[in-house]
Amino acid sequence: NTTLAPSTNTTLPSPTTLEIKPYFSKISGAYYDGGVDVEIIKDINNSKESLYVAMYDFTNKNIKQALIDAHNRGVEVKVVTDDTTIDDDVYVELIESGIEVIDDANSSKLMHNKFLVVDNEILWSGSGNYTVYAFYRNYENYVRVKSKEIAAIYKKEFDYLYTHNNSDYDGGEVKNIEIYFSPDSDFEEKIVELIKESNKSIEFLAFAFTNYKIAYALVGAKERGVEVKGVMDESQNEFQTYSVYDDLKEEGIDVKLSDRKLHSKVFIFDDKIVITGSYNFTKSANDENNENSLVIYDSNISKAYIDNFNFIYQRAQ
Numbered sequence: 003n004t005t006l007a008p009s010t011n012t013t014l015p016s017p018t019t020l021e022i023k024p025y026f027s028k029i030s031g032a033y034y035d036g037g038v039d040v041e042i043i044k045d046i047n048n049s050k051e052s053l054y055v056a057m058y059d060f061t062n063k064n065i066k067q068a069l070i071d072a073h074n075r076g077v078e079v080k081v082v083t084d085d086t087t088i089d090d091d092v093y094v095e096l097i098e099s100g101i102e103v104i105d106d107a108n109s110s111k112l113m114h115n116k117f118l119v120v121d122n123e124i125l126w127s128g129s130g131n132y133t134v135y136a137f138y139r140n141y142e143n144y145v146r147v148k149s150k151e152i153a154a155i156y157k158k159e160f161d162y163l164y165t166h167n168n169s170d171y172d173g174g175e176v177k178n179i180e181i182y183f184s185p186d187s188d189f190e191e192k193i194v195e196l197i198k199e200s201n202k203s204i205e206f207l208a209f210a211f212t213n214y215k216i217a218y219a220l221v222g223a224k225e226r227g228v229e230v231k232g233v234m235d236e237s238q239n240e241f242q243t244y245s246v247y248d249d250l251k252e253e254g255i256d257v258k259l260s261d262r263k264l265h266s267k268v269f270i271f272d273d274k275i276v277i278t279g280s281y282n283f284t285k286s287a288n289d290e291n292n293e294n295s296l297v298i299y300d301s302n303i304s305k306a307y308i309d310n311f312n313f314i315y316q317r318a319q
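Numbering (the numbering used here), first residue to last: 3 to 319.
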């Protein structure tokens with residue numbers, strides 16, 4: 003099995019507690035309230051020392067204001083984004099408020115991460131950008147992990163992004179969570195490995211899915227009797243030349259198209275392992291972009307993700 007350990011020059015805190023809680027976007031009508039953004043803002047408002055944000059797309063004004071308020075009360079706030087998004091209004095306003103915002107200087111194809119480290123103890127990660135649509139309109143997923151060890155791994159990656167240091171840092175492992183940073187980790191190999199090791203069931207949610215190595219592994223799983231079900235975003239996969247959607251359908255895999263924007267990037271294996279993060283199932287995510295992915299070995303977390311999958315699957319066509 004492929005496992006990753008933190009590189010030898012990483013000093014991790016001694017093992018303490020590790021708490022994981024999944025969150026899913028609150029599909030809402032006209033009222034944008036009570037979503038995951040509220041929980042993120044609580045952690046920002048409670049921060050005392052530091053906030054490190056790696057975010058591709060950021061338009062949520064409430065999170066922006068919470069970061070400004072934290073900066074004004076003396077919390078160290080640093081933000082890294084993509085060179086194509088740094089001129090967006092929220093980033094400009096953060097800079098004008100005295101917060102350090104750095105772009106990736108085109109060091110990768112995309113700085114596509116969506117993560118926040120709070121007080122070197124709490125990690126927020128997942129598929130969602132900090133936008134109203136991500137929290138209330140799209141299908142998205144998030145995880146809140148309370149662990150100094152996990153936070154330390156993400157802080158090290160943040161530092162590499164922030165200093166434009168071309169690292170070979172590919173992630174780490176703490177208890178039942180493995181972390182992979184692209185493009186250094188070759189994460190597609192881990193996905194294929196988990197597909198090949200699955201015995202009973204595979205569910206997946208995909209925004210962009212053009213990686214045929216992963217697709218062929220799914221076909222192989224179906225052929226050996228594993229139940230494979232998936233939902234893919236309609237705009238990214240219907241009538242799209244490079245999408246694997248039509249090929250999976252032709253191979254008899256139960257795959258549907260979502261009824262609204264599906265931005266999650268999730269695999270669930272045998273009701274006990276979950277993959278989540280910013281990593282779309284594409285070659286650019288694997289080989290070019292800055293991405294982060296978590297592999298969570300936990301049947302209770304898997305149950306929450308299966309429930310979310312079923313909610314989306316039942317509404318898909």
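From the three backbone atoms N, C-alpha and C, an ideal C-beta is built for every residue, glycine too.
Sequence-distant residues of the same chain with beta carbon closer than 8 Å to residue i, five excluded per side
i	result
K251	V257
N64	D39 and I43
D235	A208, F209, A210, L259, S260, K263, L264 and H265
I97	V103
E123	K148, S149, K150 and A153
V228	S200, N201, K202, S203 and I204
Buried versus exposed call for residue i [16 or more other C-beta atoms within 10 Å across all chains shown]
i	result
S260	buried
A223	buried
Q238	buried
F206	buried
N3	In this prediction, N3 has a pLDDT of 39, which is less than 50 and means its spatial position is unreliable; nothing more can be read from the coordinates.
E195	exposed
N302	exposed
A107	exposed
V94	exposed
V119	buried
N201	exposed
F137	buried
F241	exposed
K23	exposed
T19	exposed
Beta-carbon proximity list for residue i, same chain, < 7 Å, skipping 5 on both sides
i	result
Y244	T212
A68	I43, I46 and N47
H73	V79, S99, G100 and I101
D172	L6, Y182, F183, D186 and S187
Y164	K80, V82 and I104
N291	S110, K111, L112, H114, S184 and P185
S49	A72, V77, V120 and D121
A217	V246, D249 and L250
Integer-rounded CB distance, given that residue j should sit under 8 Å from residue i
i	j	result
N143	F271	So it is not a contact: roughly 16 Å between Cβ atoms.
D121	E51	5 Å
K263	Y162	Their Cβ separation, rounded to whole angstroms, is 31 Å, which puts K263 and Y162 out of contact at 8 Å.
I298	I155	Not confirmed; about 14 Å, so no contact.
Residues near residue i by beta carbon distance below 6 Å, same chain, minus five either side
i	result
D170	D186
I277	F269 and V297
R146	K23 and W126
V230	I204, L220, A223, K224 and I255
Residue i Cβ short of 7 Å to the ligand PLP heavy atom set
i	result
Y214	In the structure on display, the ligand PLP does not appear, and there are no ligands present to speak of.
- Does the region 209–216 come within contact of the region 284–293, defined as at least 3 CB pairs closer than 8 Å? yes
- Message: Could you check whether the region 74–93 touches the region 111–127, counting it as contact only if at least three pairs of C-beta atoms, one from each stretch, sit closer than 8 Å?
- Response: yes
- Item | Those runs of the alpha helix (DSSP H) which lie wholly inside the region 34–83 and span at least 4 residues | 38–48 and 63–74
- Task: Could you tell me whether the region 187–195 touches the region 23–42, where touching means 3 or more Cβ pairs closer than 8 Å?
- Result: no
- Message: Quick check on the DSSP output: what are the complete beta strand (DSSP E) runs of length 3 or more inside the region 205–274, in order along the chain?
- Response: 229–234, 256–259 and 268–271
- Return the chain-ordered ranges of every beta strand (DSSP E) run that is complete within the region 137–163 and spans a minimum of 3 residues. 143–148
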